[in-house]
Each structure stands twice: as C-alpha cells, then as structure tokens.
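Encoded as structure tokens, the structure appears first; notes follow it.
Residue numbers (the working numbering), protein chains in the order written: chain A, 83 to 348; chain B, 5 to 158.
So this is what it looks like as structure tokens:
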C-alpha cells in the first residue's frame with residue numbers, strides 16, 4: 083500500500099517537474115526574445131541583417147513562389163469544377179483571391195518558411211553552440227544575442243510578410259492562368275468579382291497581420307530552439323525537428339485564433 | 005566587398021518585389037483606386053425592406069455600375085431602412101427628381117444590388133437628396149405567401 087502510494091506520488095512529482103520545465107522554458111524564451119530584439123542596430127548589425135535577409139528571404143523566394151503558383155492553379159481548378167455546377171464560375175476570381183489572401187498565403191508561406199529557413203537557423207545556431215563559438219564570443223566580449231541571434235530574428239520578421247505577398251500575387255496569377263486561359267472563365271468577371279469582394283483593409287490587411295504574427299512566432303521558435311538546445315549532435319537534430327513541429331503547430335493553432343478574431347466576429 | 009554589394013542588391017530587389025506585390029494586391033485585387041473620394045456625391049433612399057442588401061453593394065443604372073452603397077441604417081422615424089448611396093459625381097445634377105431605386109438580385113442566388121432608372125421630371129437630384137420612389141427587395145417568403153393566399157381566395 084505504502085509503495086503504491088509513493089509510486090503515484092512520484093508520478094505527480096514528475097508531472098509537476100515537467101510543468102515547471104515548460105514554464106521555465108517559456109520564461110527563458112521570452113527573456114531571450116526581449117534581449118535579442120531590442121537595441122539599435124549598428125552599421126555592422128545592418129550588414130549582418132542583410133546577409134541573413136539574403137539567406138532567409140531571397141533564397142526562400144523560389145520555393146515560396148513555386149508553391150504559390152501551384153496552389154493558385156489547384157484552387158482555380160477545384161473551384162471551377164464546383165462552381166460550374168451552380169453556374170457561378172464567374173465567382174472564381176473571388177474564391178481564389180479570398181482563400182489565398184485570408185488563409186492559404188499566410189499559413190502555407192509560414193509552414194514553408196519554417197521548413198526551409200527555420201530549421202536552418204536552428205541547426206546553424208545549434209552548431210555554433212555545440213562547437214562553443216557562442217561561448218568564445220562571450221569570452222572576447224561580443225554579445226552573441228546581438229551578433230548572432232538579433233540579425234536572424236529581424237531578418238525573419240521582415241522576410242516572411244514579403245514572401246507572403248509574393249505567394250498571394252503568384253497564386254492569383256496561377257488561378258488566372260488556369261481559370262481564364264485554360265478553362266475559359268471570362269477575364270473581366272475574374273478580376274471584377276475579385277475587386278468587388280476583396281477589401282484592402284479587411285482581407286489584405288488582416289492577411290498581412292497574420293503573416294507578421296507567424297513570422298514572429300516561427301523565427302522566435304527557430305532561434306530559441308537553436309540557442310537553447312543540448313550541445314550534442316543528437317541535441318541539434320532533436321532541436322531542428324522540434325523547430326519544424328512546434329512552428330507548424332503554432333502557426334496552425336494561431337491561425338484559427340486569428341481567424342476567429344478577424345473574421346468570426348469574436 | 006563586391007559579394008556584399010550583390011547581396012545588398014538582391015535583398016533590395018526582394019524588398020522592392022514585396023512592395024510592388026502589395027501595390028498589385030491593393031490596386032488589382034482589392035480594386036483600390038487612388039482617386040480622391042470627392043469624386044462621388046451622395047443620395048439617400050428609404051426602402052420598406054432591403055432583403056439581403058449589404059454595404060459596398062453595387063448601384064447600377066441600365067446595368068452599368070455607377071456607384072456603391074455607402075451605409076445602411078434603420079430610420080427610427082418611419083421604421084424603414086435608410087440607404088445612403090455614393091454615386092459618380094458625373095451623375096450629379098443629371099438624375100431627375102422622380103428617379104426610382106429598386107433592389108434587384110443578380111441571378112437566382114446572386115448578391116443584391118440597387119438599380120436606378122431615370123424619370124422625366126425637370127428638377128434634378130442634388131447632393132444629399134432623397135429618392136422618393138423606391139421598390140423593396142423581393143422576399144421569397146412573402147411572394148409564396150401571396151401566391152398561396154391568392155390560390156385560397158380563388
């Protein structure tokens with residue numbers, strides 16, 4: 083009886099320890115974010131930011147644009163086969179544009195960004211930590227948060243919204259290719275229905291807000307996982323996986339919350 | 005140094021592409037126009053029932069879009085709907101006093117919009133005037149009710 087009780091007590095203790103760990107990690111992550119995001123960037127910080135921007139933004143452009151093109155084309159194709167039954171294929175432009183601007187572009191671009199750039203950020207910072215480069219920096223009086231983390235963080239914040247815009251534009255163009263050029267929807271109604279139903283503030287603006295939030299969350303998770311990992315080769319691989327999993331879950335979960343607030347009339 | 009310049013150029017292009025994309029979305033997709041809002045003038049119209057009319061709905065004349073619905077509110081004096089229309093300023097002083105406004109439906113399931121048709125009175129509608137002659141939205145339930153009561157009385 084006594085042993086059974088202590089067994090349960092040990093379980094509860096384990097649960098409590100896990101809870102404390104989670105809260106502690108959240109606190110560490112918040113302090114980490116605050117410490118790295120503040121501070122006026124110097125001339126040198128600017129060029130560091132530029133280099134990260136190139137890696138995180140410019141080099142992600144290809145995958146994001148190609149995905150956007152195909153998603154726009156698939157949306158138009160699927161939408162056409164459904165709408166044509168109701169004789170409403172003129173509404174194709176509206177459907178493609180609204181689904182891209184409100185949901186697909188921010189979410190899919192963020193997921194791709196987490197896979198392409200987020201995992202790389204984690205692995206890079208993680209390897210720096212494992213090879214004790216971060217510690218050496220501290221030794222010679224350079225703040226690794228400023229030098230390594232902040233440029234990556236800011237590059238991510240700026241790059242993802244731009245990638246999202248590109249995704250939407252290319253997706254709408256892909257929808258145009260399939261809907262108008264291939265399936266023969268009247269070009270005028272494709273654009274005019276779109277213009278009549280898309281509002282700049284409500285649809286494009288809210289989509290951009292979503293994308294800024296996702297950028298913040300994905301980049302934050304990526305650099306924090308890199309900075310906070312166990313400095314072994316196994317730790318790096320675990321942290322890289324965690325980055326992709328956590329960012330994807332966070333993006334999808336936050337997307338629901340943001341949609342409920344923006345469009346659900348909460 | 006050279007390598008850094010090309011990188012700067014790439015990043016600059018990337019950010020420029022973002023701005024151009026946003027402008028494209030604004031102008032081409034959401035139909036924002038850069039013209040000042042002073043290009044329109046306002047009329048009001050009271051309807052007994054607006055059905056499913058929404059703000060931003062089209063206002064047409066002979067099928068041509070000439071403006072949009074600016075606001076819809078309840079007129080507590082008469083308990084009907086007061087709809088504010090904003091029309092192209094070209095039409096200011098061109099619409100006669102007895103212009104009629106009707107709420108129409110685009111297709112069977114389509115959105116509702118307002119159709120204007122001109123009358124023949126010599127006086128013209130000016131900014132802020134009220135269109136007297138209006139025709140409410142067709143509500144399917146009322147139509148069926150009428151049809152049934154006609155059948156019964158016959």
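Here a beta-carbon is modelled for each residue, glycine too, at the ideal position from N, C-alpha and C.
Could you check how far apart the C-beta atoms of residue i and residue j are, in whole angstroms? I think they sit under 8 Å.
i                      : j                      : result
residue 152 of chain A : residue 261 of chain A : Not confirmed; about 14 Å, so no contact.
residue 239 of chain A : residue 301 of chain A : 6 Å
residue 128 of chain B : residue 100 of chain B : 6 Å
Near residue i, what residues of its chain come up, given a Cβ to Cβ distance below 7 Å and the 5 sequence neighbours on each side ignored?
i                      : result
residue 198 of chain A : 142 and 145
residue 179 of chain A : 254, 276 and 280
residue 63 of chain A  : Coverage of chain A is limited to positions 83 through 348, which leaves residue 63 of chain A absent and any answer about it impossible.
residue 285 of chain A : 180, 183 and 184
Below 8 Å CB to CB, which residues in the same chain sit around residue i once its five sequence neighbours on both sides are set aside?
i                      : result
residue 231 of chain A : 114, 118, 207, 305 and 309
residue 79 of chain B  : 50, 85 and 86
Smallest Cα separation from residue i: which of the options?
i                      : options                       : result
residue 298 of chain A : A:270, A:332 and A:266        : A:332
residue 269 of chain A : A:173, A:135, A:132 and A:120 : A:173
residue 212 of chain A : A:317, A:101, A:109 and A:282 : A:317
residue 282 of chain A : B:75, B:121 and B:31          : B:31
residue 291 of chain A : A:307, A:222, A:189 and A:88  : A:189
residue 177 of chain A : A:191, A:162 and A:167        : A:162
residue 133 of chain B : B:23, B:46, B:12 and B:156    : B:46
residue 66 of chain B  : B:22, B:83 and B:108          : B:108
residue 128 of chain A : A:237, A:335, A:295 and A:243 : A:237
residue 43 of chain B  : B:116, B:149, B:145 and B:96  : B:96
Once you ignore the five residues that flank residue i on each side, which residues in its own chain have a CB closer than 6 Å to its CB?
i                      : result
residue 5 of chain B   : Residue placement at residue 5 of chain B cannot be trusted, given a pLDDT of 46 that sits under 50; the coordinates are not used to answer.
residue 123 of chain B : 100, 102 and 103
residue 9 of chain B   : none
residue 307 of chain A : 204, 321, 324 and 325
residue 155 of chain A : 256 and 260
With a 10 Å radius around its C-beta and 16 neighbouring C-beta atoms as the bar for buried, classify residue i as buried or exposed.
i                      : result
residue 116 of chain A : exposed
residue 226 of chain A : buried
residue 61 of chain B  : buried
residue 147 of chain B : exposed
residue 26 of chain B  : buried
residue 87 of chain A  : exposed
residue 334 of chain A : exposed
Look at residue i and residue j and say whether their C-beta atoms are less than 7 Å apart.
i                      : j                      : result
residue 63 of chain B  : residue 118 of chain B : yes
residue 205 of chain A : residue 329 of chain A : no
residue 53 of chain B  : residue 141 of chain B : yes
residue 393 of chain A : residue 134 of chain A : Summary: the structure shown does not reach residue 393 of chain A, with chain A confined to residues 83 through 348, and so no result is reported for it.
residue 73 of chain B  : residue 59 of chain B  : yes
residue 86 of chain B  : residue 94 of chain B  : no
residue 252 of chain A : residue 147 of chain A : yes
residue 24 of chain B  : residue 136 of chain A : no
residue 105 of chain B : residue 120 of chain B : yes
residue 296 of chain A : residue 150 of chain A : no
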